[in-house]
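Protein chains in written order, with our numbering: chain A, 669 to 962; chain B, 148 to 425; chain C, 14 to 422.
Think of the CB as a built atom: it goes at the ideal place given N, C-alpha and C, for glycine as much as any other residue.
Note sheet for the following structure.
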Amino acid sequence: MFTERLTLRAWGLMLPLVLVMLAVIGWPLADTVRLSFTDARLVGTGGGFVGFDNYADMLGSRNFRKALAATLTFSIWSVAAELCLGVLVGLLLNQRFYGRTLLRALMILPWALPTVVNATLWRLIYNPEYGALNAALTQLGLADSYQSWLGLPGTAMTALIVADVWKNFPLVALIALAALQAVPRDIQAAATSDGANAWQRFRHVTLPYLVGPLMVALVLRTIEAFKVFDLIWIMTRGGPANSTRSLSLLVYQEAFAFQRAGSGASLALIITLIITVLAVAYLALMRRAAGQGG
Amino acid sequence: MEHRSLGFAIFVHLAALIVALAVLAPLAWLFVMSISSPADLSAKPLHWWPDTIDLSRYRQLLTPETGAAFLASLRNSIEVAGMATLGALIVGIPAGWAASRNPGLGWTLGAVIATYMLPPVALSVPLYLILAKLGLLNNVFGLALVYLSILAPFVTWLLKAGFDPIPRDLEQAAAIDGANLWQLLRIVIVPLAMPVVATALIFAFLLAWDEFFYGLLFTSNQDAKTLSVAIADLAGGRVSDYGLIAAAGVIAALPPVAVGLLMQRALISGLTNGGVKG
Amino acid sequence: MKPTRIAALMAATALTGTAALAETELNALFMAQAAYSEDDIRAMTASFEEANPDVSVTLEFVPYEGLHDKTVLSMGSGGAYDVVLFDVIWPAEYAGNDVLVDVTDKITDEMKSGILPGAWTTVDYDGKSYGMPWILDTKYLFYNKEMLAEAGVDAPPATWDELRAAAQKVKDAGLVEYPIAMSWAQAEAAVCDYTTLLSAYGGDFIADGKPAFQTGGGLQALDYMTTSITDGLTNPNSREFLEEDVRAVFQNGDAAFALNWTYMYNLANAGEDSAVAGKVGVVAAPGVEGVSEHSAVNGSMGLGITTTSQNPDAAWDYIVHMTSQPVQNEYARLSLPIWESSYSDPAVTEGQEELIEAAGKGLAVMYPRPMTPNYQEMSMALQQGIQEALLGMASPQDALEGAAENSGL
């Protein structure tokens, strides 16, 4: 009887959250689905049913393919770099050295810096005429002259990725560190006395402890990277020649700048679908890794 | 493990130094820019430290006469983040506890957390239309309500993870003593879970403080414009004075950075419990 | 309401500087970029509030890049803005979406006869007026007199070919690495510079309802831009410059020539933070031999009342004040008046005779960007095309053909 009452009660306790989520997510999402089948405009007239026209138009457009490519490039490289750097720095933080506590404390700083401030800061650093990066490179003799970073398609995306990695790799490092601290010392020692080299120890003793937390970080960072808006909005606004225009920027443009709410909604749902597929694929991977006793 | 060669020790220290520099240099430069004169900032070769320390930007931003817009955005950010955090805790504490005590509710929580995958652009158009209809566009309450969509799932998840290790015996004892639900939560659960509630509160506040996209779309003027939007405006407009942008950035970064440093231990445990800030 | 909450509110109100007496509150949206400075606009507004103690105006400044979207998005929230600044290219779209109030009937005969005809094109669409012209602006060619003299260039260039030759001389003399600074970032600024050149080469944006900028003068314009970068004459960083970056480079003495709006003249020539003060020359943007004497883009802007305004009458009073001749004459250092007779008023012309002379030529040949409700989309396509050519990703011809295809026209 106790349990039964608790279940009813549990539902009651859940209710406020569920209601709030229905109001601020469920309903808007349903409305986005409705809008995506119409030619509704943001302000004013329109709203007739147009079937799958919006989806067809969006999927067939050059802009969509370009933005998808840009988003994938950004996500894959920044997440990969964040994970690699994060694990390496996590391993480093797990060593003993002078100032270890201080360095661990410093790692929280980039994470705490607001994204908008981070973007602004890097935009100033990359300034082609008066930026610190150009100044540092030339004064160190690494470059002959100042150059554009955010204004060239070859470097703009890399510059964005660097800014994103700088902000987010410390988080991965801290997650990795926490996982490493859970590795029992005696197993390490046993492996060493069994004659395992450093790589074998990492692969067979340490890595299994890292996989779980890192998979979580991987999923969350990938989702975040795929949704990227503010960083790009502030640093390049999608330029040069729209080479860094992410899918989220494209939706903004379509729905708000051009006021085509209908096709903007369809594009937003296409992005949602891609993210869902990615996340489900990751989760399946995680399950399999866990199933193999990793 | 214990006998490390000297070479390895040097390597570790060198690597640590490089990491420290890589993390600190951009931040230090942000601060230096904020106290450098425009001439120092446009000099070639660049002056890495100003000839005279120029605090005029901070004065300009923080005095009511010259910094009214900036101060208003600071206040809006505090209000919006505060209200949204409060709201998230109000719905998150009971839900997190219920989910923690009833594994059968796991799927509900899972569904709530899955909304994290939704890009804000997928909700923005209807949210805009709804807020417009309710007269809540360009309004701190409206924005706080929208921020709930980000904070509530996150907070609930963190809290559930924090409630899990708290033994059930205590609640059962309290229930048998005749405590009602409210008393149970207030007297037993929340005090025991205080550390995790505090962590959730901080995370939620920082998430709201960081938010930009909804702020950009749903605010128009000093009534509701948040700090992140104000900074983006500065960065994209009359940017001849890089120091001013930097000073605004420093001010916006101070609260989260201070919290981050002070509450480091709690934050890291929160992060590694699976909670990751966006 | 608890007393503390009220006290907090009062303190907050005091912080934002809202006068407690005011009965009518207006919100006005301006841009923090080019033309009148924020300080100027605040001062103009203060004089309005002084004359109308029952009205208080809250000012909001956003970058030009955010001006259009902010205006459109605010339409959902009644009264977010009563008065908005709008660019010459938006009335078509705003009229279609019912953003601005039709003020045709409020315009007096004195306004009609006193204000320059070119200025009216800023606010008129389809025979109706959607506001008052406020900023009468076009892009001028600025030059560093000292550098030109040192390089042996006797007169400022009168044609774009002469500009090329003069820039080469400056470059050869080793005065600066890249003599010309332009605002060719992926933004409206690039379209403005392109329009200037298109008008010089006698091109058309649209002919017979179809895009025509990918042929003739439009193609020559982009060819010129592209070549000037590959020749090392225009600063390659121009591809990420906005107007303020151009000003920073020019007034730091890192460029000999620059194309920019009126506001740069007094800031660069008399500004405290300018390294080239007193050395700045300005002329109307050059022409092309046999085609045009000068070139100019219509970069004017107007002030309008939003249809969501609760106080359209007070808003109109404010607009009338901001666009009135005395106010415009008083703040004529960063933006020239819309009033014809101001140009013969010594108080306006004194100390900026060069600018006034350039304006006489430039304003007369201002070339419009297309008046279409889909301007934003067309402009975005054009920006991408211009950048693709400037970055060497496509030939000017291919880039413009791609833009024409994507333009939605």
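Between the C-alpha atoms of L368/C and T275/C, what's the straight-line distance to the nearest angstrom?
Position 355 of the third sequence holds residue 368/C. Position 262 of the third sequence holds residue 275/C. So the alpha carbons of these two residues sit roughly 8 Å apart.
Return the residue from the list M264/B, V272/B, P241/B, A215/B that minimises the CA-CA distance to A933/A.
In the first sequence, counting from the first residue as 1, residue 933/A sits at position 265. It is V272/B.
Cα-Cα separation between P192/C and S181/B, rounded to whole angstroms
Here the question's residue 192/C lines up with position 179 in the third sequence. Here the question's residue 181/B lines up with position 34 in the second sequence. C-alpha separation (whole angstroms): 30 Å.
Suppose contacts are defined by Cβ-Cβ distances below 8 Å. Is A427/C in contact with G822/A by that definition?
In this structure chain C extends from 14 to 422, so residue 427/C is not present and cannot be described.
Along chain C, which residues have their Cβ under 9 Å away from the Cβ of Y380/B?
Here residue 380/B refers to the residue found at position 233 when the second sequence is read from its first residue. First, the residue type needs correcting, since residue 380/B is Asp and not Tyr in the sequence shown. Residues of chain C passing the Cβ test: A45, F74, V75, P76, G79.
Per-residue DSSP class, three states only, for M44/C
As a first step, residue 44/C must be located in the third sequence, where it is residue number 31. Strand at M44/C.
Bridge partners of H307/C, per DSSP?
Here residue 307/C refers to the residue found at position 294 of the third sequence. Note: H307/C sits in a beta bridge opposite P299/C.
So that I know if they touch, is there some Cβ in chain B lying closer than 8 Å to that of S348/C?
Counted from its first residue, the third sequence places residue 348/C at position 335. False, the Cβ-Cβ gap to chain B never drops below 8 Å.
Give the residues from the region 146-175 of chain C that approach chain A closer than 8 Å (Cβ to any Cβ), ordered along the chain.
none
Are L149/C and V97/C close, meaning C-beta to C-beta below 8 Å?
Residue mapping note: residue 149/C aligns to position 136 of the third sequence, counting from 1. Residue mapping note: residue 97/C aligns to position 84 of the third sequence, counting from 1. No; because the gap between Cβ atoms is not below 8 Å, this pair is not in contact.
Roughly how far, in whole angstroms, is the beta-carbon of L298/B from the beta-carbon of T346/B, given that I think they are within contact range, below 8 Å?
As a working mapping, residue 298/B is identified with position 151 in the second sequence. As a working mapping, residue 346/B is identified with position 199 in the second sequence. So it is not a contact: roughly 13 Å between Cβ atoms.
Given a threshold of 16 other Cβ atoms within 10 Å of its Cβ, counted over all protein chains shown, does R905/A qualify as buried or as exposed?
Counting from 1 along the first sequence, the entry for residue 905/A is found at position 237. Result: buried.
Counting only beta-carbon separations shorter than 8 Å, does R315/B have a partner in chain A?
Working through the second sequence from its first residue, we reach residue 315/B at position 168. No, R315/B lies away from the interface with chain A (no Cβ there is under 8 Å from its Cβ).
Spell out whether any CB of chain B is found under 8 Å from the CB atom of M669/A.
For the purposes of this step, residue 669/A is identified with residue 1 of the first sequence, where counting begins at 1. With a pLDDT of only 36 at M669/A, under 50, the local geometry of the prediction cannot be trusted, and the value read off the model is given with reservation. Closer than 8 Å: no.
I want to see whether chain C comes within less than 8 Å of L801/A, judged by CB atoms only; does it?
Counting from 1 along the first sequence, the entry for residue 801/A is found at position 133. Closer than 8 Å: no.
DSSP on M726/A, reduced to helix/strand/coil?
On the first sequence, position 58 is the one that residue 726/A refers to. Note: M726/A maps to helix in three-state DSSP.
For G231/C and L422/C, which I take to be in contact (beta-carbon distance under 8 Å), what is that distance rounded to the nearest angstrom?
Within the third sequence, the letter at position 218 stands for residue 231/C. Within the third sequence, the letter at position 409 stands for residue 422/C. 13 Å between Cβ atoms; not a contact.
Below 8 Å CB to CB, which residues in the same chain sit around W899/A once its five sequence neighbours on both sides are set aside?
Reading the first sequence from its first residue, position 231 is the one you call residue 899/A. It should be pointed out that residue 899/A corresponds to Leu in this sequence rather than to Trp. Answer for L899/A: T783, N786, A787, L828, A831, D832, listed in chain order.
Do you know whose CA, among S916/A, A858/A, A947/A, lies nearest L935/A's CA?
Numbered from 1 along the first sequence, position 267 holds the residue referred to as residue 935/A. The candidate whose alpha carbon is nearest that of L935/A is S916/A.
Residues that Q807/A contacts on chain C, provided the C-beta gap is smaller than 9 Å:
As a working mapping, residue 807/A is identified with position 139 in the first sequence. In chain order: nothing, as chain C lies at least about 18 Å away.
Residue span of the alpha helix (DSSP H) that contains D699/A, given as start and end:
As a first step, residue 699/A is located in the first sequence; it is residue number 31 there, counting from the start. Looking at the DSSP string, the run of the alpha helix (DSSP H) that includes D699/A is 695-704.
Where I193/C falls: helix, strand or coil (DSSP):
Residue numbering aside, residue 193/C sits at position 180 when the third sequence is read from its first letter. I193/C falls in the strand class under three-state DSSP.
Kindly indicate if chain B contains any beta-carbon less than 8 Å away from that of A952/A.
By 1-based counting over the first sequence, the position of residue 952/A is 284. Answer no: the Cβ-Cβ gap between A952/A and chain B never drops below 8 Å.
8 Å Cβ cutoff, L284/B in contact with chain C
By 1-based counting over the second sequence, the position of residue 284/B is 137. Chain C contact via Cβ: present.
Would you call the CB atoms of L72/C and T58/C closer than 8 Å?
For the purposes of this step, residue 72/C is taken as residue 59 along the third sequence, with counting starting at 1. For the purposes of this step, residue 58/C is taken as residue 45 along the third sequence, with counting starting at 1. Cβ distance < 8 Å, so L72/C and T58/C count as in contact.
CB-CB under 7 Å to I200/B, same chain, minus the five flanking residues each way: which ones, in chain order?
Locating residue 200/B in the second sequence gives position 53, where the first residue counts as 1. Here the set comprises I182.
Report buried or exposed for L941/A, applying the criterion of at least 16 other Cβ atoms within 10 angstroms of its Cβ.
Within the first sequence, residue 941/A is the residue found at index 273, counting from 1. Counting Cβ neighbours within 10 Å, L941/A comes out exposed, since fewer than 16 surround it.
So which of V335/B, L328/B, L292/B has the shortest CA-CA distance to A691/A?
The residue given as residue 691/A occupies position 23 in the first sequence. Check the Cα spacing between A691/A and each of V335/B, L328/B, L292/B: the tightest is with L292/B.
Would DSSP call N265/C helix, strand or coil?
Residue mapping note: residue 265/C aligns to position 252 of the third sequence, counting from 1. N265/C sits in coil when the DSSP states are folded into three classes, being neither helix nor strand.
L211/B versus L218/B: straight-line alpha-carbon distance, rounded:
Stepping through the second sequence from its first residue, residue 211/B is reached at position 64. Stepping through the second sequence from its first residue, residue 218/B is reached at position 71. A quick correction: the sequence has Pro, not Leu, at residue 211/B. The straight-line gap separating the alpha-carbon atoms of P211/B and L218/B is approximately 7 Å.
Does the beta carbon of S861/A sit closer than 8 Å to a beta carbon anywhere in chain C?
Your numbering for residue 861/A matches position 193 in the first sequence. For S861/A, the answer is no, since every Cβ of chain C falls outside 8 Å of its Cβ.
According to the neighbour-count rule (16 or more other Cβ atoms, all chains shown, within 10 Å of its Cβ), is V887/A buried or exposed?
On the first sequence, position 219 is the one that residue 887/A refers to. With 16 or more Cβ atoms within 10 Å of its Cβ, V887/A is classed as buried.
Using a threshold of 8 Å, state whether the C-beta atoms of V302/B and L256/B are closer than that.
Taking the first residue of the second sequence as 1, we reach residue 302/B at position 155. Taking the first residue of the second sequence as 1, we reach residue 256/B at position 109. Their beta carbons are not under 8 Å apart, which means V302/B does not touch L256/B by this criterion.
Quick check on G819/A - is its C-beta less than 8 Å from some C-beta in chain B?
Residue 819/A sits at position 151 when you count from the first residue of the first sequence. At a cut-off of 8 Å between beta-carbon atoms, G819/A makes no contact with chain B.
Does any residue of chain A bring its CB to less than 8 Å from the CB of V423/B?
The residue given as residue 423/B occupies position 276 in the second sequence. At V423/B, the pLDDT of 39 sits below 50, so the modelled position is not reliable and the matter cannot be decided from this model.
By DSSP, does Y138/C sit in helix, in strand, or in coil?
The count along the third sequence starts at 1 and reaches residue 138/C at position 125. Taken through DSSP and simplified to helix, strand or coil, Y138/C comes out as strand.
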